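As structure tokens, the structure follows; a few thoughts come after it.
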Amino acid sequence: MSSTASGAAKPTVTVTLDGTNRSTTLPLLSGSIGPQTVDIRKLYGDLGIFTFDPGYGATASCESKITYIDGDAGVLLYRGYPIEQLAEKSDFIEVAYLLLEGELPNAAQLEAFRKGITNHTMVHEQLRRFFDGFRRDAHPMAILCGVVGALAAFYHDNLDINDARQREIAAYRLIAKVPTIAAWAYKYSIGQPFMYPRNDLSYAENFLYMLNAVPAEPWKANPILSRAMDRILVLHADHEQNASTSTVRLAGSTGANPFACIAAGIAALWGPAHGGANEAVLKMLTEIGKPENIPAFIREVKDKNSHTKLMGFGHRVYKNFDPRAKIMKDTCHEVLGELGIKDEPLLDMAMEMERIALTDDYFISRKLYPNVDFYSGIILKAMGIPTHMFTVLFAVARTTGWVSQWKELIEDPSQRIGRPRQIYSGAVQRDYTSVDRRG
Ligand code: CMC
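Here our numbering is used: the first residue of the sequence shown is 3, the next is one more, and so on.
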């Protein structure tokens, strides 16, 4: 097979099956930025062949206007706005509006959205009972996944995905209620009373309140920590077609209700190669124990037979640096400074590992740089958030991206059920033999 691209007004790619006279001309599509993309939809019809791209490294699964990443340049844009500007100047609620609606809100729209979200922070009282069904030592991601999936059983009034108003209510409910469920999963695991949401607090403050407050004592927000939590939420809010978002879209393409789709996203996020990495970074640093052990650990990572990865390093798309990691590193120093933590051995070790890895040919040649998860765990630990809650926090933030992507999918007239093909390499057709005739 060979292919050629032509530079005519409407660019195309011609694919020719080598050794035959069969060929087809495929359109080359362009987005507003980013590489051109071959539209292969008629390839099978014309030539009877599929394309093969396990891991989807070179496949665009959809058209989207939400998030753009240039992995070579280390650029991340939400609706065109650089992540650095949003992290510095905006806040999570405004970013959530931007992701969902496509534009930054004016003052009245922002206020209405803020109110709309805070009006939905409580969950149906009956949902409390779900928590009792879990073991106290259940991982909070297991609880989050189960309870978010169960929301569909409580909010029948907004399950019609073809009704724009119902889609909007479902999106608001998810953005508002996931922090409540996440905080309760934590409270359940430590045996403390659930704290009901407080709508006088900001989104990040309310989440910290539900995690850390107890009914017996007054609780006061720390503005630096609230700001850090808000920034973590902004940085994790969306990341185009990553594994969990693609899972949400795939589930959504079947017409499944939004709560089920987000529960599917939560399940996909849990893996250590994805959202579970922040938890894995801290586990890795703790296991390494002291800086003297770093060189031996790096040797193990480089050993092909070990299967050990430097967690918090590497990214499918970023091959220069992860812009979120840089902001996270600065936030990490800010938070430790505010908390008066002068000597944090894990941070010292993380910085030493970063220094070693960034000068080592193994990491340089493979373009492996710290990703968003390398420093986030250290910040969260300093804020008193236990390790097993790290991925839950990621899920709280990413819910906004997931619902925005789900909404875009449902509103896309060209969307069809997601149904990849395969290269079948199993047995060819053969006849059944009865058990007494098998060797
Ligand atoms: N440590 C050591 N080697 C690595 C690492 C790492 N963290 N990441 C990739 N490599 C090696 C990999 O072994 C391969 O080597 P070789 O060419 O010799 O076979 C080469 O680099 C290319 O890696 P890949 O596996 O083809 O890369 P990928 O795009 O399939 O995987 C990744 C991306 C993020 C899953 C992977 O880098 C990884 O597992 N990193 C550690 C987990 C992590 O930090 N994940 C969080 C990602 S950011 C937040 C999120 O999106 O959820």
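Glycine residues also receive a C-beta, built at the ideal position from the N, C-alpha and C atoms. Quick caveat, the model's predicted, so the values are computed rather than measured.
Short Cβ contact (7 Å threshold) for residue i with residue j
| i | j | result |
| --- | --- | --- |
| V374 | M313 | no |
| F261 | A140 | no |
| A275 | G403 | no |
| M143 | W272 | yes |
| P293 | E354 | yes |
| L100 | R81 | yes |
| D41 | L49 | no |
| A166 | I119 | no |
| L176 | I264 | yes |
| C334 | Y364 | no |
Per-residue burial, residue i [other beta carbons within 10 Å of its own, 16 or more giving buried]
| i | result |
| --- | --- |
| N108 | exposed |
| P225 | exposed |
| R400 | buried |
| H317 | buried |
| E219 | exposed |
| G428 | exposed |
| I380 | buried |
| A241 | According to the sequence provided, residue 241 is His. The question's Ala does not apply to it. Counting Cβ neighbours within 10 Å, H241 comes out buried, since at least 16 surround it. |
| A185 | buried |
| A75 | exposed |
| V150 | buried |
| G339 | exposed |
Contact test: residue i Cβ vs ligand 1 heavy atom, cutoff 6 Å
| i | result |
| --- | --- |
| N295 | no |
| K50 | The sequence shown places Gly at residue 50, not Lys. Result no, Cβ not under 6 Å from ligand 1. |
| V303 | yes |
| N2 | Residue numbering for the chain in the displayed model covers 3 to 441; residue 2 lies beyond these limits and cannot be assessed. |
| K328 | no |
| H126 | no |
| D363 | no |
| R318 | yes |
| A275 | yes |
| L370 | yes |
| N322 | no |
| N259 | no |
Close beta carbons around residue i, own chain, < 8 Å, minus the five adjacent residues each side
| i | result |
| --- | --- |
| N214 | W221, G386 |
| S63 | Q243, S248, R251, G420 |
| V216 | Q194, P195, M197 |
| L19 | M3, S25, L49, I51 |
| R138 | Y190, S191, G193 |
| R229 | A206 |
Close Cβ partners of residue i (< 7 Å) along its chain, the five nearest in sequence each way excluded
| i | result |
| --- | --- |
| A266 | T249, V250, A253 |
| K409 | L102, R169, A173 |
| V319 | I71, G73 |
| L341 | A384 |
Own chain, CB closer than 6 Å to residue i, minus 5 neighbours either side, in chain order
| i | result |
| --- | --- |
| Y205 | F94, I95 |
| L78 | I71, I85, P325 |
| T310 | E302, V303 |
| E289 | none |
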